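K.L.:
One point on numbering: in this note's numbering, the residue at position 111 of the sequence shown is 121, and numbering is uninterrupted. A virtual CB, placed ideally from N, CA and C, is assigned to each residue, including glycine. On a predicted model such as this, the values are computed, not experimentally measured, just so you know.
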Amino acid sequence: MRGVWGWLRGASTGSARTAHFTWFPFALSLSKGRAGRATAGGFDKLSPNGEGRKLAHSPLLFRGGAGGGGNLAPGIHHPPTPSSEEEGEKSAISVRLGFGKGRWRNMAILATASLTLAAAAPLTQGAGSEWIEPGGDAGKTHWSTLTAINPANVARLGLAWDADLGTARGQEASPVMLGGVLYVAGNAGRAYAYDAASGRELWRFEPEVDMQRNRTACCDMVNRGLAVSGGKVFIAALDGWMYALDAKTGAVVWKTDFIEDRKRGDNSTGAPEVAGDLVVIGMGGAEYDVRGYVTALDIKTGAIRWRWHVVPHDPAFGPQETPELEAALKTWDPKSRWDVGGGGAPWDAINYDPETGYVLVGTGNGGPYARSKRSPAGGDNLYLGSLVALDPKTGRMVWHYQETPEDNWDFTSTQPMILTHMAVDGQTRGVILHAPKNGFLYVIDRKTGQVLRANAIARANWIKGFEPGTMKPILDRAAADYTDGPKIVFPSTVGARNWFPAAYSPQTGLYYGSVADIGNLIFMTPGAKPYRARALNNDAALIFTPDVVAATETLPPPMAQAVKALPAYAQAKADPGKSQLRAIDPLTGKTVWAVDSEGWQDRGGVLATASGLIVQGTLSGKLVVRDARNGAVLKTIETGSPIMAAPITYAVRGVQYIAVQAGWGGGGWAFTPRYSAAYSRGNQNRLLVFRLDGGKVPLPPLLPPLEVAPPPPAQAPGVTAATIARGQGLFFANCAICHANIHRSMAPDLRRMQPGTHEAFKQIVLEGALLPAGMPRWDDVLRPDDADAIHAYLIDLQGKTRADELAKQKAGKPLDGPSLTILSNY
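Laid out in C-alpha cells, this is it:
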C-alpha cells in the first residue's frame, strides 16, 4: 500500500471541549475534538510538523556481515558470487533459507553458470541528453550527467512551456524523453506526447477504463510511468490492461488484459519495465483481497509469457505453481485467510538489471495487515515485504531477501530501487540501494542478494537487530505486536520512504531522498471479519504520532491509559516527527545534510545532476533547486501547483530543460493539506518545463471563498437516531476512504450535496449513475436499506455542518478552521 494515512482536520460541528468515541469495523469516529476541532474517521496533521529541530541521530545502525541475506530459490541454479569460482564452473553455495516457522535452515545449492542469462550488458550510470526511463537510466538513479544548468546560472531558470493534462488527481510519474519527444504518463493510464523543446502536443491517448476498478485503488487513480522501446510506448491502465502504442501517433498497436482474477480487487498503478523481449508489470490491491503477482508480456504481441506469484495459494486447491512457492507455503499457516488473498501486491519497484539479466521486484504488504489474523499459527509469510530476483526467461525466482518478515505494519518493499556500482569493503560491487517503508536503507548485491549494509534512516522500534550471517530481522514483539492491544510503531505505515523517487549521485556517493520520521498508534478490532469481495479487508486502525497525544485524550479511558503506558508514547510526545529531504551516505546511514519539509505529507521526488544540483517540488507549489553539497537553496520558483513527482532533465539542440508533472494525490488523496497549492488554487494537473532565461510560471487563480453548506432535505419517514448511527458506521467502513468530507477535498464533500444529488443518491451508490466520472457502484456490498442509512447520516451531517458554518459566518470566523479525522486505512 502506497500510504495508509489519516488526517487531523478541524471541526465543522460541536463544542471545543467535549468528545465521544464510536467503534466501527474499520474506523473510529470522534465527532467532537478539543480546541474547537471535531473528528471523523482517521488521523493526520495538516500543518507543518514543527521547525528548528536538529537532526536526531538514528537510534539503530546495522551493518550486514559477510554472507548475510540473499536466500537462493529452492531448485533454481544461481551464478557464483564475485568471490566464487570463474563463471561456467560449478560451485556449491551454502546459504540460509527462510523456511518454517521462524526457523532458517542451511541448504547447499549447486550453481551452474551455464543456466544463467546471456552475457551481461554494462549498467550505464546517469542520464545524458535523453531521459530514457522514468528513473532516467537503466539503474533508475534519477541522476543526470548534464551540466548546462549549474549553481552559477540556475538563478536564471524560468518557464519554457507548460501543458494542461486535463485532469485533477495525483501526478506521480516522471516523463520519458527520447528523440526530441517528451512522453508523459497521466491518471488511470493516460499518455501524452509533446515536442520536448516547443511543447507542441503531438498526440494524447485516453484508455477506455472500467472505472468500477477505481473502487479498489486504495491510493488514487495514479500512474507511475510509461516505457518506450522499439517505436512503441507501453502504459498500463488502472483496470489492468497493458497498451502498446505507436510512439509516433499514439495509436494502439496491441492491448492485453493482465489481471488474473477480475472477481477480486486487482488494479494497476505502476510503470511497465522492458526486459529484453518482455514487458513486465506488477499490480496493486493488497488492502483488498488480492494474491500478488508479476506478469511478463511479449513485447511484440502482448501475449502473456509467464506470471510469478508473490504468495502461495490455498493448498486445498492443489500444488503450488513453482517450487519456491511450495517452500514459501511452509512459512504460512495451512489455515491462513486464503479467502482474503494474502496480499503481497508488487505495485511499484520493478527493475531490469542488464548486468545480471535479472528482473528485480519489490513485493507488497500482507492482507489482512496483522499476521495473527492473516496466518494465525505464525510464520514469516514469504514472499511478503521482500526483494526478489526473477529469471526473465522462465519467470522463476533466483534469490530473495525478506526485508520485513511477518509484515504486520504495511511495510511494503515496493519502494523504488536504484541500481549502481559501489566500493564496499574494498571491493566494487553491483548493488541495489533500497529504502522500503520499514525505516532502513539497504545495500544489496544484485547478483546474489547478499545484504552488504542495512542502516536505519528513521526510528524503527519493530526490530531489535539482525541475525548474524543471514541478516534476518529480529522482531521486537514487545514494542510492535498489537495483537493484544494498541502499540505505537515506528516508522508509520506511510513509511520512512515511499514511492517518491530518490536520487543517487555517483559523484558524491550520496542518496538524496525524502524521509518521514514519524510513527503511528496501531490497533485492531477484535474477532475475525468476514471476507468482502473487492472491499477493504486490512482490518487495522491508525493514528499518526504528530496527532497521537491529542487523539489519545479522545479514546475510551481504558485504551487511553494503555496507550499512555507504552514506552513509545513518551517518545512520540517528545518528538512526534516530521519529514525531511536528506542527503544520506548509504554505506553508513549517516545524514550529511537535511532540510525540513513544509509538512510531513510533503515528500516529493528528487532529481540530482552532475553540476551539483538537487531539484525537488513541494506541495505548496514551489520548484526548489538546492546545492547538492549542503542543501542550500539556490533557486525557488513559485508554480502555484502542488508537486509530488520527481523532476527530470534533458537536452534538445544544446539547450537543457527541467520538466516535472504537478498534481496532488496518491495515498490520502482526498485529504488535501491546507498548506498545499491544491487547497488554495485547485488541483489542475500540469506539465511544467523550465530552461535558462525562461519566463514566469502562470499561476492558477485562487479559489473563491468557501460558502456555507446548502440546506439538506428533510429526513425520510421512519429515520431514527439508530438509523443515522448505522449509516455513520457504514459510511466510515466503505466511503470515507475517498469522501473525507473536508473543505476543498479532491473528492466531493458530501456535506454540500445539492438537491439533485440527494434525489439521485441511491442511483449513484447502487446503480453507478456517476461511474464514468469515477464513482463506482456498491450494490455488491450495500443493500438498499444500507444506502438509505448512509444517506440519512449524510443528511444529518449536512444539517449540522450548515448550522455550524452559519454560526461561524455570523461571528466573522473562517469556515475552514483546522479539523480532525481518523481513518483506519487507505
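Given a cut-off of 9 Å on the beta-carbon distance, is the pair P556 and P536 in contact?
P.N.:
Against a cut-off of 9 Å, the Cβ pair of P536 and P556 comes out as no contact.
K.L.:
Would you report the Cα separation of L339 and G705, rounded to the nearest angstrom?
P.N.:
Rounded to the nearest angstrom, the two C-alpha atoms are 59 Å apart.
K.L.:
Leaving out the 5 sequence neighbours to the left and right, which residues in its chain are closer than 8 Å to D703 when beta-carbon positions are compared?
P.N.:
Result list for D703: R166, G168, in chain order.
K.L.:
Work out the CA separation of A246 and S278 for me, nearest whole Å.
P.N.:
Whole-angstrom Cα-Cα distance: 7 Å.
K.L.:
Go through the region 313-352 residue by residue and report every complete run of the alpha helix (DSSP H) that reaches 4 residues or more, in order.
P.N.:
Runs of the alpha helix (DSSP H) inside the region 313-352: 333-339.
K.L.:
Pick helix, strand or coil for I747, following the three-state DSSP scheme.
P.N.:
I747 falls in the coil class under three-state DSSP.
K.L.:
Is Y368 near the ligand MN - that is, is its Cβ less than 8 Å away from at least one heavy atom of it?
P.N.:
For the ligand MN, the structure offers nothing, since it holds no ligand at all.
K.L.:
Ordered along the chain, which non-local residues of its own chain (more than five positions away) have a Cβ less than 8 Å from that of H67?
P.N.:
Because the pLDDT of H67 is 29, which lies under 50, any placement of that residue in the model is unreliable, and the number read from its coordinates should be weighed accordingly. Result list for H67: empty, nothing under 8 Å.
K.L.:
By Cβ distance below 6 Å, which residues in the same chain neighbour N197 in space, the five residues on each side in sequence not counted?
P.N.:
Cβ neighbours of N197 beyond the five flanking positions: T177, R179, M231.
K.L.:
Return helix, strand or coil for Y393, following the three-state DSSP convention.
P.N.:
Here Y393 sits in coil by DSSP.
K.L.:
Measuring alpha carbon to alpha carbon, tell me which of G641, R639, A672, Q666 ends up nearest G650.
P.N.:
Nearest option by C-alpha distance: A672.
K.L.:
Comparing C-alpha positions only, which one of V243, A580, P378, L443 sits nearest to D549?
P.N.:
The residue with the shortest Cα to Cα distance from D549 is P378.
K.L.:
What do you reckon, are the CB atoms on I309 and G240 nearer than 9 Å?
P.N.:
Contact flag set, yes.
K.L.:
Where R439 and K645 are concerned, what is the direct C-alpha to C-alpha distance, given to the nearest angstrom?
P.N.:
Taking the straight line from one Cα to the other gives about 36 Å.
K.L.:
Using CA atoms only, rank isn't needed, just tell me which of D363, P386, L443, W153 is closest to S346.
P.N.:
The shortest Cα separation from S346 among D363, P386, L443, W153 belongs to P386.
K.L.:
What is the rounded straight-line gap between the Cα of V525 and the Cα of G449?
P.N.:
About 9 Å.
K.L.:
Hey, quick one: how far does the beta strand (DSSP E) through K588 stretch, first residue to last?
P.N.:
Run containing K588: 587-594, per the beta strand (DSSP E) assignment.
K.L.:
Among I454, N418, A743, G778, which has the Cα closest to the Cα of N471?
P.N.:
N471 has its Cα closest to that of N418, out of I454, N418, A743, G778.
K.L.:
Can you list, in chain order, the residues of its chain whose CB lies under 6 Å from that of R317, leaving out five sequence neighbours each side?
P.N.:
Y303, T305.
K.L.:
Just mark K150 as buried or exposed, buried being the case when its beta carbon has 16 or more other beta carbons within 10 Å.
P.N.:
Classification for K150: buried.
K.L.:
Hey, which unbroken runs of the beta strand (DSSP E) at 3 residues or more fall wholly within the region 661-705?
P.N.:
You should have 665-672, 696-702.
K.L.:
Classify T493 as helix, strand or coil using the three-state DSSP reduction.
P.N.:
Coil, per DSSP.
K.L.:
By a C-beta neighbour count over all protein chains shown, 10 Å radius and 16 as the cutoff for buried, is L709 buried or exposed?
P.N.:
L709 should be labelled exposed.
K.L.:
How is V219 classed by DSSP in three states: helix, strand or coil?
P.N.:
Coil at V219, not helix or strand.
K.L.:
Can you tell me the Cβ-Cβ gap for S184 and A688, rounded? I've got them flagged as a contact below 8 Å.
P.N.:
Actually they do not touch by this definition, with Cβ atoms about 20 Å apart.
K.L.:
Do S755 and A638 have their CB atoms nearer than 9 Å?
P.N.:
Going by C-beta atoms, S755 is not nearer than 9 Å to A638.
K.L.:
Between S154 and V662, is the Cβ-Cβ spacing less than 9 Å?
P.N.:
No. Outside cutoff.
K.L.:
Expressed to the nearest angstrom, what Euclidean distance is found between the alpha-carbon atoms of L816 and I752?
P.N.:
Between L816 and I752, the C-alpha separation is close to 16 Å.
K.L.:
So, are the CB atoms of A506 and K497 less than 9 Å apart?
P.N.:
Result no, Cβ atoms of A506 and K497 do not sit closer than 9 Å.
K.L.:
Would you check if there are 3 or more beta carbon pairs closer than 8 Å linking the region 765-772 to the region 726-735?
P.N.:
No, the region 765-772 does not touch the region 726-735.
K.L.:
In the structure shown, what three-state DSSP assignment does H431 receive?
P.N.:
The answer is strand: DSSP assigns H431 an E or B state.
K.L.:
Is the separation between the beta-carbon of P596 and that of Y660 shorter than 9 Å?
P.N.:
Result no, Cβ atoms of P596 and Y660 do not sit closer than 9 Å.
K.L.:
Would you list the one or two residues that DSSP bridges to W603?
P.N.:
Paired residues: A593.
K.L.:
Does the Cβ-Cβ distance between D174 and N693 come in under 9 Å?
P.N.:
Not closer than 9 Å, so no.
K.L.:
Which residues in the same chain have their Cβ closer than 7 Å to the Cβ of A618, if we skip the five residues on either side of it in sequence?
P.N.:
The answer, listed in chain order, is H152, W153, A513, S515, Y522, I624, A638.
K.L.:
Got a sec, what are the start and stop residues for the beta strand (DSSP E) A570 sits in?
P.N.:
That residue, A570, is in no beta strand (DSSP E); its alpha helix (DSSP H) goes 567-574.
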